[in-house]
Amino acid sequence: MALSLYNYWIVIVLMMTGFYIVIRSTNLVKKIVGLNIFQTSVFILYISMGKVEGGTAPIVTDGATAYSNPLPHVLILTAIVVGVATTALGLTLVVRIKEAYGSVDEEAIQRQDREA
Amino acid sequence: MIDEHLPVLQVVVPLLAAPMCLLLGRGTLAWGLATAVGWFALYVALSLLGSVPAGGEIRYALGGWAAPWGIEYRVDRLDSYVLVIVAAVGALVLTYARASVAREIARHQHAAFYAALLLCLAGLLGIVITGDAFNLFVFLEISSLSSYALISLGRDRRALTASYQYLIMGTLGATFILIGVGLLYMVTGTLNMLDLAERLPALGDNRTVLAAFAFLVVGICLKIALFPLHLWLPNAYAYAPSVVTAFLAGTATKVAIYVLLRFLFTIFGAGFSFSGMLLSALLMVLALLGVLVASTVAIFQNDVKRMLAYSSVAQIGYIVLGISLVSVTGLTAALVHLFNHAVMKAALFLALGAVVYRVGGARLEDMKGLGRAMPLTLAAFVAGGLSLIGVPLTAGFISKWYLVLAALEAGWWPIALLVLIGSLLAVVYVWRVVETAYMQPRPAGAAAVSEAPWHMLLPIWALVVANVWLGIDTDLTVGIAGGVAVELLGGAP
Chain W
11 MALSLYNYWI VIVLMMTGFY IVIRSTNLVK KIVGLNIFQT SVFILYISMG
61 KVEGGTAPIV TDGATAYSNP LPHVLILTAI VVGVATTALG LTLVVRIKEA
111 YGSVDEEAIQ RQDREA
Chain F
20 MIDEHLPVLQ VVVPLLAAPM CLLLGRGTLA WGLATAVGWF ALYVALSLLG
70 SVPAGGEIRY ALGGWAAPWG IEYRVDRLDS YVLVIVAAVG ALVLTYARAS
120 VAREIARHQH AAFYAALLLC LAGLLGIVIT GDAFNLFVFL EISSLSSYAL
170 ISLGRDRRAL TASYQYLIMG TLGATFILIG VGLLYMVTGT LNMLDLAERL
220 PALGDNRTVL AAFAFLVVGI CLKIALFPLH LWLPNAYAYA PSVVTAFLAG
270 TATKVAIYVL LRFLFTIFGA GFSFSGMLLS ALLMVLALLG VLVASTVAIF
320 QNDVKRMLAY SSVAQIGYIV LGISLVSVTG LTAALVHLFN HAVMKAALFL
370 ALGAVVYRVG GARLEDMKGL GRAMPLTLAA FVAGGLSLIG VPLTAGFISK
420 WYLVLAALEA GWWPIALLVL IGSLLAVVYV WRVVETAYMQ PRPAGAAAVS
470 EAPWHMLLPI WALVVANVWL GIDTDLTVGI AGGVAVELLG GAP
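Sequences listed follow chains W and F, in order. All the letters of the first sequence, read from the start, carry residue numbers 11 to 126 under our numbering. All the letters of the second sequence, read from the start, carry residue numbers 20 to 512 under our numbering.
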């Protein structure tokens, strides 16, 4: 029973992994990586809920009686675009921070701010 | 007729004007277009406010696709009330922006700056006007992404780290909201807010609904910057360009509070949201802590922009406190303060922007003796400060009055007392600025400072006049807010 919902378990594991990296890592690039993992887990959550037992891809063909729900797929396409934009902007900021501080480590940056 | 398309024009015009700003390429032209669009948005918001019947709504099916299959824009009185706040702050800030932006931002970035500001405006207006839960998330991300970019344009390199920090926390918040919306879709099969409101009560204490509720409340509170989730706000406000700070302080957190109201009262219903008192108690404690802690921290800030940022966290506390009382008077107080705080904080940050324009900084020592050098700007600052404290005949007094009234009505007199203590703390931090500006001389050898130019003073004083006017004639704020509060609680069993 518990295993039949295995994709939801994967969602939870990925979500917590990503969340942990965002909180724990001091490297600004790794934080973005964590954020990506966190967002990806939500994508899987949406796609899992769109699955209909015994359904095929939502394209009308002969012999198909049940289709998966296409709406979550479409929503997630939008969310992926948002995620890409966030990652791009985040990495751009990291590049600018590296230029301004010479480091991408949170602690080193805070040390410089304190000394300034 | 164009009138029936007003709901969609409210969002589409700023959205399409943003790339046009980029195409114009030149700073002044882009500013002209952005300002014209800002005033057009205000015109649309005001006509929507005028045409929404009390207790009724305007519905607009996007692309002619009927709800719940298509996305629908829905304007009731709460929507139009918040739309007016956002559009009015947007129009005034844009009018003010040209000189300040020319001073604080590199020339080749001007067109992109106005494009981002318009995108942010479009996103915020979209959040308010949409009747679709997923569409709300998309607009939220449009406004957030553009505000990260805007904040990072500040002159200090700390603007970059502030923007990065906001990006991380904002994205976490938005993703939490996305999870919540997904879980709601899972159990109800709809994303339309009205449909959700109809189908959720039948599910009762469903675990998935509870999980969705928790994710949504935490995600939205991150966006509101409710204490202790406010950590991104002070740095973001302190290091962003002056114009951006004034714009975000007047609009972004207000729209997030609107989202909270929408989910708690319209979608879940007050009966579900506040059953068992848990959420009410939690919000109340966090709001009061926010008021006291943030006001105290504000007293010890040397950067006046940062001081006002902490004061914003405290003011958000007052608004959430009004919500947590779950009464008509409490909600009225929250909604009135939503409007009044937008007006006073925009005035204060714009006045501070004029100081930065003339002096080059907004630290306390930069403001020495400015009372004489920039009398009109500093007078506006003092007027805004008085409103922040809640002195009678200013807008701030009206909000505090209703908040105290709501607390007493619920029998919580210690809360009324804490609200008054919060106001006393505000006296202290506002006084520090007044004392420095009026009682201390300009440091010897400092360059002469002249009054801010008239095109900056005009929007500042428009907001100051609004501040006093809203403190005397309360028809607009209390009249509408009272009606909206009854509507919001009307769905409660």
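Every residue gets a Cβ at the ideal spot worked out from N, C-alpha and C, and that includes glycine. Keep in mind the model is a prediction, meaning the values are calculated, not measured.
So, with DSSP's three-state summary, where would you put residue i?
i: F/M80; result: Strictly speaking, residue 80 of chain F in this sequence is Ala, with Met absent from that position. The answer is strand: DSSP assigns F/A80 an E or B state.
i: W/G28; result: helix
i: F/E160; result: helix
i: F/T272; result: helix
i: F/E91; result: strand
i: F/R7; result: With chain F covering only 20 through 512, there is no way to say anything about residue 7 of chain F.
i: F/T348; result: helix
i: W/T88; result: helix
i: F/A504; result: helix
i: W/N46; result: helix
i: W/N37; result: strand
i: F/T207; result: helix
i: F/R174; result: coil
i: F/T149; result: strand
i: W/D10; result: Only positions 11 to 126 of chain W appear in this structure, which leaves residue 10 of chain W out of reach.
i: W/T71; result: coil
i: F/T413; result: coil
i: F/T493; result: coil
Would you kindly work out how many angstroms separate the C-alpha atoms of residue i and residue j, rounded to a whole number?
i: F/A86; j: F/G349; result: 33 Å
i: F/A230; j: F/F291; result: 13 Å
i: F/K273; j: F/V236; result: 15 Å
i: F/M212; j: F/R93; result: 9 Å
i: F/L298; j: F/V503; result: 21 Å
i: F/G341; j: F/Y185; result: 26 Å
i: F/V468; j: F/A317; result: 27 Å
i: F/A352; j: W/I90; result: 39 Å
i: W/L55; j: W/V21; result: 6 Å
i: F/S442; j: F/T496; result: 21 Å
i: F/V345; j: F/L159; result: 26 Å
i: W/Y18; j: F/F195; result: 16 Å
i: F/R226; j: W/M25; result: 19 Å
With residue i and residue j assumed to form a contact (beta carbons below 8 Å), what rounded beta-carbon distance in angstroms separates them?
i: F/S406; j: F/N321; result: Incorrect: roughly 23 Å between the Cβ atoms, too far for contact.
i: F/A370; j: F/F400; result: 4 Å
i: F/L357; j: F/I338; result: 6 Å
i: F/L508; j: F/A373; result: Actually they do not touch by this definition, with Cβ atoms about 42 Å apart.
i: F/I187; j: W/V32; result: 6 Å
i: F/Y256; j: F/A328; result: 4 Å
i: F/G269; j: F/K364; result: 6 Å
i: F/G189; j: F/S163; result: 5 Å
i: F/A107; j: F/V30; result: So it is not a contact: roughly 16 Å between Cβ atoms.
Can you find the residues in the same chain that come closer than 6 Å, C-beta to C-beta, to residue i, ignoring five residues on each side of it along the sequence?
i: F/L308; result: F246
i: F/V278; result: I239
i: W/K61; result: S78
i: F/K242; result: G192 and A275
i: F/G510; result: Caution is warranted here: a pLDDT of 47 is assigned to F/G510, below 50, making its placement in the model unreliable, and the coordinate value is therefore given only provisionally. These residues qualify, in order along the chain: G288.
i: F/V447; result: I318
i: F/E234; result: Checking the displayed sequence, the identity of residue 234 of chain F turns out to be Phe instead of Glu. The answer, listed in chain order, is F195, I198 and G199.
i: F/R551; result: It is not possible to answer for residue 551 of chain F, since the shown part of chain F is limited to 20 through 512.
Please go through the same chain and pick out, in chain order, the residues whose beta-carbon is closer than 8 Å to the beta-carbon of residue i, but skip the five residues on each side of it.
i: W/V39; result: L101, V104 and V114
i: F/H249; result: G309, A313, V332 and I335
i: W/A76; result: V62, E63, G64, G65 and T66
i: F/P460; result: K387 and G388
i: F/V438; result: V310, Y337, L340, K419, L422, V423 and A426
In chain order, what residues of the same chain lie with their CB nearer than 7 Å to the CB of residue i, ignoring the 5 residues before and after it?
i: F/T455; result: L383, M386 and K387
i: F/L222; result: V206 and V228
i: F/L28; result: V63
i: F/L427; result: A435
i: F/R174; result: E123
i: F/V147; result: D98, V101, L102, V105, V274 and Y277
i: F/G44; result: A130
i: F/R78; result: E91 and R93
i: F/R218; result: T207 and T209
i: W/T27; result: I47
i: F/C40; result: A49, L52, A53, A130, Y133, A134 and L137
i: W/L85; result: Y56
i: F/S166; result: C139, L267 and A271
Identify the contact partners of residue i in chain B, using a Cβ-Cβ distance below 8 Å as the criterion.
i: F/Y183; result: In the displayed structure, chain B is absent; the protein chains listed are W and F.
**OP:** Run through the region 305-335 of chain F for me and flag every whole beta strand (DSSP E) of 3 or more residues, listed as ranges in chain order.
**Re:** none
Original post:
Which ranges does the alpha helix (DSSP H) cover as unbroken runs of at least 4 residues, wholly within the region 20-58 of chain F, from first to last along the chain?
Top reply: 25-43
Original post:
Along the chain, which unbroken stretches of the alpha helix (DSSP H) at least 4 residues long are found entirely within the region 225-293 of chain F?
Top reply: 226-243, 251-258, 261-280 and 289-292
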